[in-house]
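In our numbering, the protein residues as written are 636 to 882.
All residues carry an ideal CB built from backbone N, CA and C; glycine is no exception.
Since we're looking at a predicted model, the values are computed, not measured.
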Amino acid sequence: MQPAFRKGHLEIDFPTLPFESPLTLLVSSVRIFSDHVAFLACTTLAIYLPGKLVFQFLSYLLDIPFEGMLSYALLEISDLLLSSLVVPAIVYGLVLRFRGRAPTTVESLRWGRRQWLKTLANRIKVEITVMLWGALLIIPGVVASVRLIFTDVIVAVEADRESDVLGRSTALSQGRKWRIAAVLLPMVILDFAAMFLVLDRVQNVTHSRLAFALADCVLAVAGQLGTVAILLMYLGTVQKRVTKLKP
636 MQPAFRKGHL EIDFPTLPFE SPLTLLVSSV RIFSDHVAFL ACTTLAIYLP GKLVFQFLSY
696 LLDIPFEGML SYALLEISDL LLSSLVVPAI VYGLVLRFRG RAPTTVESLR WGRRQWLKTL
756 ANRIKVEITV MLWGALLIIP GVVASVRLIF TDVIVAVEAD RESDVLGRST ALSQGRKWRI
816 AAVLLPMVIL DFAAMFLVLD RVQNVTHSRL AFALADCVLA VAGQLGTVAI LLMYLGTVQK
876 RVTKLKP
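Pasting the structure below:
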């Protein structure tokens with residue numbers, strides 16, 4: 636059994652860069668994403684591809700249309716279920732790679748499966764919190780989403796050692812909200828642009844559920860750039876040593 640499974644958390648015993656410059660962190664995120672794109676793609680597609688195909692097949696059987704609030708809500712639910720397994724798996728794989736060992740996709744997904752329910756439960760809490768704050772005004776909702784941005788990574792890394800995940804994320808984001816927002820803003824813009832330019836076009840031009848599912852999977856892989864960025868922000872917040880990340 637691997638040490639992480641035995642101990643119930645991931646060891647962060649490697650040097651990291653402190654989270655000081657949003658631009659530096661974005662550049663590092665792109666570099667690390669490029670260096671590990673094969674692992675990120677394999678791990679994401681191993682879950683998303685069958686998951687999205689099943690989702691579209693069930694939507695076809697139930698005669699759920701492409702467009703409309705019901706379709707959008709079900710698509711969001713499918714993303715929530717799938718990403719709650721994939722994100723901790725990716726964090727596990729990247730952390731071990733930073734430590735000098737490259738785990739397989741299967742091993743990483745075992746960790747993702749171990750943390751799936753806890754990740755899902757805390758994600759639901761985050762969604763409810765952001766929705767309630769956003770119901771008051773848009774700005775409080777945005778602030779809440781920034782404050783809780785580390786939730787998934789905390790579950791993946793600290794795992795059994797941390798029970799108050801949302802409180803831990805709030806503490807880590809304290810005094811760093813503007814820097815976090817500066818990192819997340821371009822990610823959000825790219826995500827929305829891809830969603831409307833790719834998924835909307837596939838939906839309206841091809842009218843193919845298979846093409847839509849495949850495009851959705853490709854965007855899920857690209858979206859792991861955000862996972863990398865959040866992981867680096869977390870590492871740069873909890874670690875104080877200044878040096879280059881291991882490849």
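Judged by DSSP secondary structure, ALA794 falls outside any alpha helix (DSSP H); it is assigned neither H nor E. Within the same chain, no residue comes within 7 Å of VAL853 by CB-CB distance, once the 5 residues on both sides are set aside. In this structure, ARG734 sits near PHE649, with a CB-CB distance shorter than 7 Å. Within the same chain, ALA724 come within 6 Å of LEU744 by CB-CB distance, once the 5 residues on both sides are set aside.
With respect to the 7 Å criterion, ALA681 and THR740 are classified as neighbours on the basis of their beta carbons. Sequence-distant partners of ALA848 (beyond 5 residues in either direction) whose C-beta falls short of 6 Å from its own C-beta, in its chain, are LYS687, LEU688, GLN691.
Exclusion of the five residues before and after ARG796 leaves GLY643, HIS644 as the residues of its chain whose Cβ lies within less than 8 Å of its Cβ. In this model, ALA791 and VAL722 are separated by some 8 Å (Cα to Cα). Distance between PHE827 and ARG749, taken at the CA atoms: about 31 Å.
Its chain contains VAL765 as the residues whose beta carbon lies nearer than 7 Å to that of SER780, once the 5 sequence neighbours on both sides are disregarded; these appear in chain order. Look at the segment 801-880 and you find these whole runs of alpha helix (DSSP H), each 4 residues long or longer: 812-829, 835-840, 844-857, 859-873.
Remark: C-beta atoms of ILE789 and SER804 approach each other more closely than 7 Å. Boundaries cannot be given for ALA737, as no alpha helix (DSSP H) includes it and DSSP labels it neither H nor E.
For the pair of segments examined, the segment 864-874 was found not to touch the segment 702-715: the number of CB pairs separated by less than 8 Å stays below three.
For LEU661, the CB contacts under 8 Å within the same chain, skipping 5 residues up- and downstream, are VAL818, PRO821, ALA864 in chain order.
When the five nearest sequence neighbours on each side are left out, the beta carbons in the same chain lying within less than 7 Å of the beta carbon of SER664 are those of LEU860, VAL863, ALA864, LEU867, in order along the chain. TRP751 counts as buried, since at least 16 other C-beta atoms from the protein chains shown sit within 10 angstroms of its C-beta. Sequence-distant Cβ neighbours of ILE815 in its own chain, meaning closer than 7 Å and more than five residues away, are VAL781, ILE784, SER808, MET868. If the five residues before and after VAL800 are omitted, its C-beta is found closer than 7 Å to the C-beta atoms of ASN757, THR786, ILE789, VAL790, all from its own chain and listed in chain order.
Distance from the Cα of PRO700 is smallest, within the candidate group ALA829, SER843, PRO685, GLY776, for SER843.
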